[in-house]
Amino acid sequence: MSELDFYYTSAIHHNTYLAINATIHPAPYSKNVFVIGASRGVGRAISIAYATSGVAAIAIAARSCLDNVEEEIKRTAEAAGCSAPRVPKILLDVTDEASVAAAALPVKGALGRLDVLINNAGHCEEWVGFADSKIQDWWMTWEVNVRGPYLLLARCFQ
């Protein structure tokens, strides 16, 4: 249950459900995917799910080490009977324009073209009432959740 005691959806999923299962609805083998925020949680799960669909490449980016995610992607692809995709790893801070620009170049170089961009980087401070909120926390949330996606789209699809 959420802290505020309500949900936005009627169903809570803890795994991929049939309607979006990549082994049932595989992607074309030539697709190239770029997952931002791939080090843990939803981003990691998305990266691994794409591995089961047989895509050609899954570029992964985060602020932290991605070696374990790369290994898991390759193991998962092989277990699903797919060829292991290329997995370029990129250290990336979506709040830093230079970091985003530097990340876009190797992705374009390694993949040739980008078919799918999953922008999963996100930031959310612990909920507090407006009067108790701090402007630097609000601004960081804006930088990551609004400016970050803009920078990524602008650089990746230039």
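Oh and the sequence shown: position 98 is 93 in my numbering, straight run, nothing missing. Even for Gly, the Cβ is constructed at its ideal location relative to N, Cα and C.
Counted within 10 angstroms of its Cβ, other Cβ atoms place residue i as buried (16 or more) or exposed
i: ARG35; result: exposed
i: VAL28; result: buried
i: ALA149; result: exposed
i: LEU100; result: exposed
i: GLY155; result: Residue numbering for the chain in the displayed model covers -4 to 153; residue 155 lies beyond these limits and cannot be assessed.
i: ILE130; result: exposed
i: ALA6; result: exposed
i: CYS60; result: exposed
i: GLY38; result: buried
Neighbourhood of residue i by C-beta, 6 Å cutoff - its chain only, sequence neighbours within 5 removed
i: PRO144; result: ASN114
Cβ-Cβ separation, residue j to residue i (assumed contact under 8 Å), whole Å
i: ALA46; j: ALA75; result: 7 Å
i: SER42; j: VAL30; result: 5 Å
Same chain, Cβ closer than 7 Å to residue i, neighbours up to 5 away in sequence not counted
i: LEU146; result: VAL89, GLU92 and VAL95
i: HIS118; result: MET135, THR136, VAL139 and ASN140
i: ASP62; result: none
Sheet register partners of residue i (DSSP bridge)
i: VAL111; result: VAL28
i: ILE55; result: VAL30 and LYS84
8 Å CB neighbourhood of residue i in its chain, flanking five on each side removed
i: GLU65; result: ILE55, VAL82 and LYS84
i: LYS103; result: LEU109 and CYS151
i: ARG58; result: SER34, LEU86, LEU87 and ASP88
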